[in-house]
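> Pasting a structure below so you can have a look.
Protein chains in written order, with the working numbering: chain R, 11 to 233; chain P, 674 to 877.
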């Protein structure tokens, strides 16, 4: 855990990815990744909350004594999510109608508290903001990837209803595979676990191969 | 005394918790009062939009949001919005709810004076995304199949999904959801038939 921006970003996006490395936030991951659009929406909403909560926790880290830090953080995050929920309902009502369900789900996302505990409470404000952003984007990427795979195998579409989330100009993202009924299993929870399992295995295999190549290069070539 | 020493004192911790609880309640109270009006306005606009969606264009020349009658249905109050033309009630709009696969499905429907369905929309549901959510009009036009149906057409025993030998389609992988919507709409029509005189008669 360093304050180096590059390594914080790399941690968040890949090495310590919330879903693929820390295996945190399984509840929202399994619940909303039935389509790429849902995954993207949940990821972006979580990113926003994660950045703000990391900054706030970092700001108060010297004031809070370690014995009561967990309840303080829980109150802080719950308040934050509720305020965001109400503000979006009031002033971004159209977006809220699409994302509303996800906002409330963020409260149960243990990744938020996890980052407060593991990073923000020990780090400066800027580093915490960067960490929140990187972790959030890593989470968004993971959710979108799982969502796209499940959506493609399960209903034969990609980014269905993306224009509801991002506006009509993004309608070009929406694709449909003609004449494919879809494998229902992939939309249901078991499909989520299966896709996550394969992606985890893939990531592990990739890292093993990279590590093996690194050792080969490091050891001196036989004479 | 520096902050590290104070922080470890037993009295500091409840005080800190108290202060944070107070700050949090303050923030929530402020946010609630600051957003209350805007949320109410946005919800009223939503209601107007969805009411206009189930009601065919040009059906009403009055402000039907204000022309309401409250009726009792099984212990719950149902608000009925009346669309008039030249003073005559042309259609009644109201919400019905039925338990779906996961929680209540809220349905808004418009019925004309003769008891024929003008339009049906699902307002709120928590059905499985990708399976049961085809009842939303922006995902599937299934719900348009209710337009023009009445208790006489199709007959009472045909008010069911095809699996139950009715006339309405079900979705692959989801039967409970459309079954609930069919039941809700049928219940709404029966409710209208039972209270037709009150709905059509009363002046606002």
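All C-beta atoms in this analysis are idealised placements derived from N, C-alpha and C, irrespective of residue type, glycine included. In this text, all values refer to a predicted model and were calculated from it rather than measured experimentally.
When the Cα atoms are used, what is the spatial distance from residue 877(P) to residue 700(P)?
Bear in mind that a pLDDT of 46 at residue 877(P), under 50, signals an unreliable position, so the model cannot answer this.
> At the 8 angstroms Cβ level, is residue 678(P) part of the contact set with chain R, yes or no?
no
> Along the chain, which unbroken stretches of the alpha helix (DSSP H) at least 4 residues long are found entirely within the region 41-98 of chain R?
46-69
> Would you mind reading off the limits of the beta strand (DSSP E) that contains residue 749(P)?
749-758
> Is there a Cβ of chain P sitting closer than 8 angstroms to that of residue 164(R), yes or no?
Residue 164(R) has a beta carbon lying within less than 8 angstroms of a beta carbon in chain P.
> Checking contacts by CB at 8 angstroms: is residue 96(R) closer than that to chain P?
yes
> Tell me which residues share the same chain as residue 131(R) and place their Cβ nearer than 7 angstroms to its Cβ, disregarding the 5 neighbours each side in the sequence.
Leaving aside the five residues that flank residue 131(R) on each side, the residues in its chain whose CB is nearer than 7 angstroms to its CB run, in chain order, 67, 71 and 79.
> Using the beta-carbon of each residue, which ones in chain R are nearer than 7 angstroms to residue 838(P)?
None at all; the shortest Cβ gap to chain R is about 24 angstroms.
> Could you tell me which residues DSSP pairs with residue 765(P) in its beta bridges?
755(P) and 784(P)
> Could you name each continuous beta strand (DSSP E) segment of 3 residues or more that falls completely within the region 108-189 of chain R, going from the start of the chain to the end?
none
> Just the Cα atoms here: how many angstroms apart are residue 870(P) and residue 709(P)?
37 angstroms
> So which residues on chain P does residue 179(R) lean against when the C-beta distance must stay under 9 angstroms?
Simply none; closest approach about 17 angstroms.
> Does residue 57(R) come within less than 8 angstroms of chain P when only Cβ atoms are used?
no
> What does residue 705(P) reach in chain B if we use C-beta pairs closer than 8 angstroms?
Among the chains of the structure shown, chain B does not appear; the protein chains present are R and P.
> Can the beta-carbon of residue 796(P) be found closer than 8 angstroms to that of residue 766(P)?
no
> What do you reckon, are the CB atoms on residue 28(R) and residue 185(R) nearer than 8 angstroms?
no
> Just reading off the beta strand (DSSP E) that residue 820(P) is part of, what are its end residues?
That residue, residue 820(P), is in no beta strand (DSSP E); it is neither H nor E in DSSP.
> Counting only runs that start and end within the region 676-727 of chain P, where is the alpha helix (DSSP H) found for 4 or more residues in a row?
676-680 and 685-727
> Can you give the Cα-Cα distance for residue 24(R) and residue 148(R), rounded to whole angstroms?
7 angstroms
> Classify residue 831(P) as buried or exposed, calling it buried when 16 or more other Cβ atoms lie within 10 Å of its own Cβ.
exposed
> Using a C-beta cutoff of 8 angstroms, does residue 803(P) count as contacting chain R?
At least one beta carbon of chain R lies nearer than 8 angstroms to the beta carbon of residue 803(P).
> Can you tell which of 720(P), 690(P) and 753(P) has its C-alpha closest to the C-alpha of residue 744(P)?
753(P)
> Identify whether residue 796(P) lies in helix, strand or coil by the three-state DSSP scheme.
strand
> Taking all protein chains shown into account, decide if residue 203(R) is buried (16 or more other Cβ within 10 angstroms of its Cβ) or exposed.
exposed
> Verify whether the separation of the beta carbon atoms of residue 84(R) and residue 34(R) is less than 8 angstroms.
no
> Give the single residue among 868(P), 741(P), 816(P) and 687(P) whose Cα lies nearest to the Cα of residue 856(P).
816(P)
> Just checking: is the beta-carbon of residue 197(R) within a distance shorter than 8 angstroms of some beta-carbon in chain P?
yes
> Across which residues does DSSP place residue 771(P) in a beta bridge pair?
Paired residue(s): 778(P).
> Over what stretch of residues does the beta strand (DSSP E) that includes residue 926(P) continue unbroken?
As shown, chain P starts at 674 and ends at 877. That puts residue 926(P) outside it, with no answer to give.
> Quick one: what's got a C-beta closer than 7 angstroms to residue 26(R)'s C-beta in the same chain, skipping five residues either side?
32, listed in sequence order.
> With a cut-off of 8 angstroms, does the C-beta of residue 218(R) fall near any C-beta of chain P?
no
> Determine the extent of the alpha helix (DSSP H) in which residue 851(P) is found, giving its start and end residues.
849-867
> Below 8 angstroms on the Cβ atoms is my contact criterion, and I expect residue 780(P) with residue 858(P) to pass it. Report the Cβ-Cβ distance as a whole number of Å.
The C-beta distance from residue 780(P) to residue 858(P) rounds to 6 angstroms, short enough to fall under 8 angstroms.
> Please tell me whether residue 843(P) has its Cβ less than 8 angstroms away from any Cβ of chain R.
no
> Take the Cβ of residue 225(R) as the centre, count every other Cβ of all protein chains shown within 10 Å, and call the residue buried at 16 or more, exposed below.
Looking at its Cβ environment, which holds fewer than 16 other Cβ atoms inside 10 Å, residue 225(R) is exposed.
> DSSP three-state call for residue 789(P): helix, strand or coil?
In the three-state reduction of the DSSP assignment, residue 789(P) falls in the strand class.
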